[in-house]
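In this note's numbering, the protein residues as written are 1 to 243.
Laid out in structure tokens, this is it:
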């Protein structure tokens with residue numbers, strides 16, 4: 001696990017975007033695993049800027065997102081389908097047919113998860129998987145206690161994750177209670193992994209991910225065993241790490 005120290009959120013975003021852009025330039029038909037949430041927004045904004053300048057071409061790229069709320073239509077403003085279109089896909093030249101997000105509108109959990117696993121496998125798994133990390137150490141919606149050997153599955157969200165995500169909804173009661181998520185096993189199949197973290201509220205999780213035991217109670221800790229994992233975090237998120 002390689003740890004890269006960034007000064008602040010903007011510096012973290014630029015450093016992460018540099019790694020993703022290098023992947024796309026060196027392998028134009030890259031398969032990218034992507035994440036949602038507030039942390040990657042600066043990364044997507046930087047990639048869009050470079051695309052608009054003519055420095056990046058996403059026409060051959062394929063993407064697979066980590067997760068989606070179960071029960072939300074694709075056009076629901078809180079769905080991750082909508083998030084990705086609004087914040088990235090609709091602003092670059094990627095082929096919509098090459099973008100993949102679990103189908104949250106389909107309540108057949110077994111069918112959705114099996115189909116998504118087949119699609120990821122058929123694509124050869126991500127060349128680069130982008131991840132954020134939750135305050136409790138979750139990656140995707142793999143919550144504490146997650147089984148490391150799972151592929152894509154339907155998960156019951158923990159109260160802490162529901163509370164953290166409620167800022168995006170009118171009321172906490174509106175936050176879906178379940179989601180489809182890539183499992184840890186699928187994430188570990190990626191050829192390289194890029195974890196980004198910003199803010200002091202992530203400091204305990206970053207320390208547990210990097211220095212704690214490999215333990216399902218901190219799902220991100222499994223990344224210590226990945227052959228090519230890079231963590232980019234700002235000073236605040238690294239405040240509990242050795243200097």
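The C-beta atom is built at its ideal place from N, Cα and C for all residues, glycine as well.
Treat the numbers as computed from the prediction; the structure is a model and nothing was measured.
Environment of residue i [buried if 16+ CB atoms lie within 10 Å]
{"i": "residue 93", "result": "exposed"}
{"i": "residue 179", "result": "buried"}
{"i": "residue 52", "result": "exposed"}
{"i": "residue 7", "result": "exposed"}
{"i": "residue 86", "result": "exposed"}
{"i": "residue 27", "result": "exposed"}
{"i": "residue 211", "result": "exposed"}
{"i": "residue 43", "result": "buried"}
{"i": "residue 172", "result": "exposed"}
{"i": "residue 55", "result": "exposed"}
{"i": "residue 163", "result": "exposed"}
{"i": "residue 190", "result": "buried"}
In DSSP terms, what residue i is bridged to
{"i": "residue 62", "result": "31"}
{"i": "residue 205", "result": "Residue 205 pairs with nothing; no bridge assigned."}
{"i": "residue 2", "result": "230"}
{"i": "residue 68", "result": "180"}
{"i": "residue 73", "result": "Per DSSP, none; premise fails for residue 73."}
Residues of its chain near residue i, where Cβ-Cβ distance is below 7 Å and the 5 sequence neighbours each way are ignored
{"i": "residue 202", "result": "133, 135, 237"}
{"i": "residue 227", "result": "none"}
{"i": "residue 146", "result": "184, 216, 219"}
{"i": "residue 222", "result": "148, 184, 188, 214"}
{"i": "residue 14", "result": "46"}
{"i": "residue 95", "result": "59"}
For residue i, the three-state DSSP class (helix, strand or coil)
{"i": "residue 131", "result": "strand"}
{"i": "residue 180", "result": "strand"}
{"i": "residue 18", "result": "helix"}
{"i": "residue 125", "result": "coil"}
{"i": "residue 175", "result": "coil"}
{"i": "residue 194", "result": "strand"}
{"i": "residue 142", "result": "strand"}
{"i": "residue 99", "result": "strand"}
{"i": "residue 210", "result": "helix"}
{"i": "residue 90", "result": "helix"}
{"i": "residue 155", "result": "strand"}
{"i": "residue 242", "result": "coil"}
{"i": "residue 136", "result": "coil"}
{"i": "residue 219", "result": "helix"}
{"i": "residue 147", "result": "coil"}
{"i": "residue 115", "result": "helix"}
{"i": "residue 41", "result": "helix"}
Other residues of its chain near residue i: CB distance less than 6 Å, five sequence neighbours each side excluded
{"i": "residue 81", "result": "74, 101"}
{"i": "residue 36", "result": "80, 83"}
{"i": "residue 257", "result": "There is no way to answer for residue 257, as the model of the chain reaches only from 1 to 243."}
{"i": "residue 233", "result": "197, 206"}
Selection from the options that minimises the alpha carbon distance to residue i
{"i": "residue 128", "options": "234, 34, 239, 68", "result": "34"}
{"i": "residue 176", "options": "150, 158, 40, 23", "result": "158"}
{"i": "residue 9", "options": "141, 232, 198", "result": "198"}
{"i": "residue 181", "options": "97, 38, 40, 138", "result": "138"}
{"i": "residue 195", "options": "30, 40, 31", "result": "40"}
{"i": "residue 108", "options": "154, 143, 117", "result": "154"}
{"i": "residue 258", "options": "131, 165, 16", "result": "Outside the modelled stretch of the chain, which goes from 1 to 243, sits residue 258, for which no answer is possible."}
{"i": "residue 168", "options": "116, 20, 38", "result": "38"}
Same chain, Cβ closer than 8 Å to residue i, five either side skipped, listed in chain order
{"i": "residue 48", "result": "88, 91, 92"}
{"i": "residue 106", "result": "112"}
{"i": "residue 57", "result": "24, 28, 51, 93"}
Below-9 Å beta-carbon distance, residue i vs any chain D residue
{"i": "residue 176", "result": "The structure shown has no chain D; it contains just one protein chain."}
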